[in-house]
Amino acid sequence: MNNEGISSRFYQQALELDANDPLKHKQELFQIPLGKIYLDGNSLGPLPFSAKIRAKQVVEEQWGEDLIESWNTHDWIDLPITVGNKVARLIGAEEGSVICCDSISVNLFKVLASALKLAEHKTTVLSQSDNFPTDLYMVEGLINLLNDSSAQQAYAFKRVSSADIERTIMEEADNIGVLLLTHVNYKTGDVFDMQRITKLAHAHDIIVIWDLAHSAGVLPLELQNWDLDFAVGCTYKYLNGGPGAPAFVYVAPKHLALLEQPLTGWMGHQQPFSFAPQYQKAQGIEQMLCGTPSIISMSILDAALDVFDDVNIKDIRKKSIGLNAFFQSYISEFLAHFGLNLTLGCNHSATDRGSQISILHKDAYAICQALISKKVIPDFRSPNVLRIGFSPLFLTYSDVYQAATILAEVLISKEYLRHEFQITNKVT
Ligand SMILES: *Cc1c(COP(=O)(O)O)cnc(C)c1O
Numbered sequence: 140m141n142n143e144g145i146s147s148r149f150y151q152q153a154l155e156l157d158a159n160d161p162l163k164h165k166q167e168l169f170q171i172p173l174g175k176i177y178l179d180g181n182s183l184g185p186l187p188f189s190a191k192i193r194a195k196q197v198v199e200e201q202w203g204e205d206l207i208e209s210w211n212t213h214d215w216i217d218l219p220i221t222v223g224n225k226v227a228r229l230i231g232a233e234e235g236s237v238i239c240c241d242s243i244s245v246n247l248f249k250v251l252a253s254a255l256k257l258a259e260h261k262t263t264v265l266s267q268s269d270n271f272p273t274d275l276y277m278v279e280g281l282i283n284l285l286n287d288s289s290a291q292q293a294y295a296f297k298r299v300s301s302a303d304i305e306r307t308i309m310e311e312a313d314n315i316g317v318l319l320l321t322h323v324n325y326k327t328g329d330v331f332d333m334q335r336i337t338k339l340a341h342a343h344d345i346i347v348i349w350d351l352a353h354s355a356g357v358l359p360l361e362l363q364n365w366d367l368d369f370a371v372g373c374t375y376k377y378l379n380g381g382p383g384a385p386a387f388v389y390v391a392p393k394h395l396a397l398l399e400q401p402l403t404g405w406m407g408h409q410q411p412f413s414f415a416p417q418y419q420k421a422q423g424i425e426q427m428l429c430g431t432p433s434i435i436s437m438s439i440l441d442a443a444l445d446v447f448d449d450v451n452i453k454d455i456r457k458k459s460i461g462l463n464a465f466f467q468s469y470i471s472e473f474l475a476h477f478g479l480n481l482t483l484g485c486n487h488s489a490t491d492r493g494s495q496i497s498i499l500h501k502d503a504y505a506i507c508q509a510l511i512s513k514k515v516i517p518d519f520r521s522p523n524v525l526r527i528g529f530s531p532l533f534l535t536y537s538d539v540y541q542a543a544t545i546l547a548e549v550l551i552s553k554e555y556l557r558h559e560f561q562i563t564n565k566v567t
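In short: position in the sequence shown from 1, add 139, done, that's this note's numbering.
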């Protein structure tokens, strides 16, 4: 079969899959620039029209006209909880166990410090060495701070490869008090078995913190049923909350009573407007708040989450695997016809990874730039990963077909070697 034969067969398949897509009505809820194929919803989700309308409302009407009264009349004060509960539904968490605030980094500081207190004499934090850097940096910073100020016990940070996590839990459980893992690896897309590892850690008296940055909104999660302790996640990736949208934090209700998070700002107080001179934490999940919430951003996020009304995360996952597997089989056949093949930096089956595929190539950055010049938008992660994300709410199989065709052509022609694609931007 020649190359046209391969392409037309996959094209027909794409059309059929699109015609039978139960999520196809969701695409029109997003503003997608004409002619652009956006494969980076895993880094910054696109703009839902509901969010755009709310942005105008919150600025022009609420801030512009209603001013300070909006804290009550537009329920600004309850937004962290309202939005938290919306996120809770998407991650299988109990009502009142999730709150929206700050960034993942800041929320990690709060939960790490709280978890270490609960862990008492078990003073080692264990994490995967290929975790997202901010997760590792936040542990380092906290441990330095604790070791500088604590005369009684020394805290330690141990990092091992993802493959060695379970063995390390079993061998070093006496010292490990807290386990911090990211569910879907940001670079490879590989997924930990959250339920099994949480169970294993608990059997060894270890508190677990999960980072859901690349899982929330795209993978079925059951925080309550899987007995999680803590989780953090962001809302500007698959939840489409907009650049820098506030993150979320989950605390198992059973931990709320004893919890002592160190960023004791006034919004976490039991009665912020009593302006009492002594801190007294709120009893509920509000205790995770610190300062005044970013209302504009959070309002936009609140409206952006409307696109998840009436969808089942299981259907989202099904389409995510479908798009991912379709892309992989089409491009593999296309390239094989020209004697080329892809080196994957992830599990080879789409069912074993998150909503992305990672392609390893020494010219990954230049390939990414060449694709962007053709209006196909993936991203690059240092030093050699081309990361392609499949957000199921707005991507079609035809989009993925077209993107794969263009990537195959770029790889075959080697046009990424052109000088203009070698220049490194500040944000990659
Ligand atoms: C995107 C991402 C973050 C981002 O952290 P912020 O503090 O919200 O900027 C953290 N962890 C992981 C795993 C991520 O993918």
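Each residue gets a CB set at the ideal place from its N, CA and C atoms; glycine is no exception. Keep in mind that this is a model prediction, so the values were computed, not measured.
- prompt: So is the beta-carbon of residue 567 under 8 angstroms away from any non-hydrogen atom of ligand 1?
  reply: Along the sequence shown, read from residue 1 onward, the residue named residue 567 stands at position 428. Because no heavy atom of ligand 1 lies under 8 angstroms away, the Cβ of residue 567 does not count as near it: no.
message: Please report the distance separating the alpha-carbon of residue 293 from that of residue 217.
response: Locating residue 293 in the sequence shown gives position 154, counting from the first residue. Locating residue 217 in the sequence shown gives position 78, counting from the first residue. For residue 293 and residue 217, the distance between alpha carbons rounds to 39 angstroms.
message: Tell me which residues share the same chain as residue 495 and place their Cβ nearer than 7 angstroms to its Cβ, disregarding the 5 neighbours each side in the sequence.
response: By one-based count along the sequence shown, residue 495 stands at place 356. Within the same chain, residue 495 has close Cβ partners 181, 328, 526, 527, 528 and 529.
task: May I ask which residues mark the beginning and end of the beta strand (DSSP E) holding residue 239?
output: On the sequence shown, residue 239 is found 100 positions in, with the first residue counted as 1. Residue 239 -> beta strand (DSSP E) spans 237-239.
- prompt: Does DSSP classify residue 365 as helix, strand or coil?
  reply: To locate residue 365, count along the sequence shown from 1; it is residue 226. It is coil, neither helix nor strand.
message: Quick check: the Cα distance between residue 164 and residue 438, rounded to an integer number of angstroms?
response: Locating residue 164 in the sequence shown gives position 25, counting from the first residue. Locating residue 438 in the sequence shown gives position 299, counting from the first residue. If I take the Cα positions, the gap works out to 24 angstroms.
message: With a threshold of 8 angstroms (Cβ to nearest heavy atom), would residue 330 be considered close to ligand 1?
response: Here the question's residue 330 lines up with position 191 in the sequence shown. No, the beta carbon of residue 330 sits no closer than 8 angstroms to any heavy atom of ligand 1.
task: Please classify residue 372: is it buried, with 16 or more other beta-carbons within 10 angstroms of its beta-carbon, or exposed?
output: Residue mapping note: residue 372 aligns to position 233 of the sequence shown, counting from 1. When all chains shown are included, residue 372 counts as buried.
task: Return the Cβ separation of residue 499 and residue 483 in integer angstroms, given the expectation that the two are a contact with Cβ distance under 8 angstroms.
output: Position 360 of the sequence shown, counted from the first residue, corresponds to residue 499. Position 344 of the sequence shown, counted from the first residue, corresponds to residue 483. Confirmed, about 7 angstroms.
field: Proximal residues to residue 576 (C-beta, below 8 angstroms), its chain only, five neighbours per side dropped
entry: Absent from the model: residue 576. The displayed extent of the chain is 140 to 567, so no value can be given.
query: For ligand 3, any of its heavy atoms closer than 8 angstroms to the Cβ of residue 377?
result: Here the bound small molecules are ligand 1; ligand 3 is not part of this structure.
field: Same chain, Cβ closer than 6 angstroms to residue 520, five either side skipped, listed in chain order
entry: In the sequence shown, the residue the question calls residue 520 occupies position 381. Only 326 and 526 meet the Cβ criterion.
task: Can you grab the Cα-Cα spacing for the pair residue 212 / residue 185, in whole Å?
output: Walking along the sequence shown from the start, residue 212 turns up at place 73. Walking along the sequence shown from the start, residue 185 turns up at place 46. Rounded to whole angstroms, residue 212 to residue 185 spans 29 angstroms at the Cα level.
task: Please work out which residues of its chain come closer than 6 angstroms, Cβ to Cβ, to residue 277, disregarding the five sequence neighbours upstream and downstream, and give them in chain order.
output: Looking up residue 277 in the sequence shown gives position 138. Answer for residue 277: 244, 247 and 248, listed in chain order.
field: Length of the line joining the Cα atoms of residue 333 and residue 144
entry: Here residue 333 corresponds to residue number 194 of the sequence shown, with the count starting at 1. Here residue 144 corresponds to residue number 5 of the sequence shown, with the count starting at 1. For residue 333 and residue 144, the distance between alpha carbons rounds to 42 angstroms.
field: Backbone CA spacing between residue 223 and residue 152 [nearest angstrom]
entry: In the sequence shown, counting from the first residue as 1, residue 223 sits at position 84. In the sequence shown, counting from the first residue as 1, residue 152 sits at position 13. Answer to the nearest angstrom: the Cα atoms are 39 angstroms apart.
task: Return the bridge partner residues of residue 170 from the DSSP annotation.
output: As a first step, residue 170 must be located in the sequence shown, where it is residue number 31. Paired residues: 186.
query: In whole angstroms, what is the alpha-carbon distance linking residue 399 and residue 154?
result: The residue you call residue 399 lines up with position 260 of the sequence shown. The residue you call residue 154 lines up with position 15 of the sequence shown. Straight-line Cα distance between these residues: approximately 54 angstroms.
query: Should residue 358 and residue 389 be called a contact, given that it needs their Cβ atoms to be closer than 9 angstroms?
result: Taking the first residue of the sequence shown as 1, we reach residue 358 at position 219. Taking the first residue of the sequence shown as 1, we reach residue 389 at position 250. In this structure, residue 389 does not lie closer than 9 angstroms to residue 358 by Cβ.
message: Let me confirm a value: residue 418 is counted as buried when at least 16 other C-beta atoms fall within 10 Å, else exposed. Which label applies?
response: In the sequence shown, the residue the question calls residue 418 occupies position 279. With fewer than 16 Cβ atoms within 10 Å of its Cβ, residue 418 is classed as exposed.
query: Taking the C-alpha atoms as reference points, what is the distance between residue 459 and residue 411?
result: Indexing the sequence shown from 1 puts residue 459 at position 320. Indexing the sequence shown from 1 puts residue 411 at position 272. Straight-line Cα distance between these residues: approximately 43 angstroms.
query: Alpha carbon to alpha carbon, how far is residue 187 from residue 162?
result: Position 48 of the sequence shown, counting from 1, holds the residue named residue 187. Position 23 of the sequence shown, counting from 1, holds the residue named residue 162. If I take the Cα positions, the gap works out to 15 angstroms.
task: Compute the Euclidean distance between the alpha carbons of residue 347 and residue 287, then round it to the nearest angstrom.
output: Translated into the one-based positions of the sequence shown, residue 347 becomes position 208. Translated into the one-based positions of the sequence shown, residue 287 becomes position 148. Using only the alpha carbons, I get a separation of about 25 angstroms.
task: Could you check what DSSP says for residue 221 in three-state terms: helix, strand or coil?
output: Position 82 of the sequence shown, counted from the start, is the residue given in the question as residue 221. Note: residue 221 maps to helix in three-state DSSP.
query: Looking at the structure shown, is residue 108 part of a helix, part of a strand, or coil, going by DSSP?
result: With the chain covering 140 to 567 only, the question about residue 108 has no answer from this structure.
- prompt: Contact check, residue 535 vs residue 179 under 8 angstroms by CB: the rounded distance?
  reply: As a first step, residue 535 is located in the sequence shown; it is residue number 396 there, counting from the start. As a first step, residue 179 is located in the sequence shown; it is residue number 40 there, counting from the start. The pair is not a contact, with the Cβ atoms about 16 angstroms apart (cut-off 8 angstroms).
query: Between residue 271 and ligand 1, is the CB less than 8 angstroms from at least one heavy atom?
result: Here residue 271 refers to the residue found at position 132 when the sequence shown is read from its first residue. Yes, Cβ of residue 271 sits closer than 8 angstroms to a heavy atom of ligand 1.
- request: Could you name the residues of the same chain whose beta carbon sits closer than 7 angstroms to that of residue 340, not counting the 5 residues immediately before and after it, in chain order?
  value: On the sequence shown, position 201 is the one that residue 340 refers to. Contacts found: 308, 318 and 347.
task: Mark residue 462 as exposed unless 16 or more other C-beta atoms lie within 10 angstroms of its C-beta, in which case mark it buried.
output: Position 323 of the sequence shown, counting from 1, holds the residue named residue 462. Buried: at least 16 other Cβ atoms inside 10 Å.
message: Short of 8 angstroms in beta carbon distance, which residues of its chain neighbour residue 466, apart from the five on each side in sequence? Order them along the chain.
response: Counting from 1 along the sequence shown, the entry for residue 466 is found at position 327. Excluding residues within five positions, the ones whose Cβ falls inside 8 angstroms are 496, 527, 529, 539, 542 and 543.
Residues that DSSP places opposite residue 431 in a beta bridge: Stepping through the sequence shown from its first residue, residue 431 is reached at position 292. DSSP output for residue 431 lists no bridge partner at all.
query: My guess is that residue 266 and residue 275 are in contact by the Cβ rule of under 8 angstroms, so how many angstroms apart are they, rounded?
result: Residue mapping note: residue 266 aligns to position 127 of the sequence shown, counting from 1. Residue mapping note: residue 275 aligns to position 136 of the sequence shown, counting from 1. Their Cβ separation, rounded to whole angstroms, is 6 angstroms, which keeps residue 266 and residue 275 in contact under 8 angstroms.
message: Just to check my reading of the structure: residue 407 and residue 386 have Cβ atoms closer than 8 angstroms, yes? What is that Cβ distance to the nearest angstrom?
response: Against the sequence shown, residue 407 aligns to sequence position 268. Against the sequence shown, residue 386 aligns to sequence position 247. The Cβ separation is near 15 angstroms, so there is no contact.
- request: With DSSP as the reference, label residue 580 as helix, strand or coil.
  value: Because the chain in this structure spans residues 140 to 567, residue 580 falls outside the shown range and cannot be described.
query: Is residue 348 near ligand 1, judged by its Cβ being under 8 angstroms from some heavy atom?
result: Residue numbering aside, residue 348 sits at position 209 when the sequence shown is read from its first letter. Incorrect: residue 348 has no Cβ contact closer than 8 angstroms to ligand 1.
- request: Can you tell me which of the three DSSP states residue 476 falls into?
  value: Within the sequence shown, numbered from 1, the residue matching residue 476 stands at position 337. Helix.
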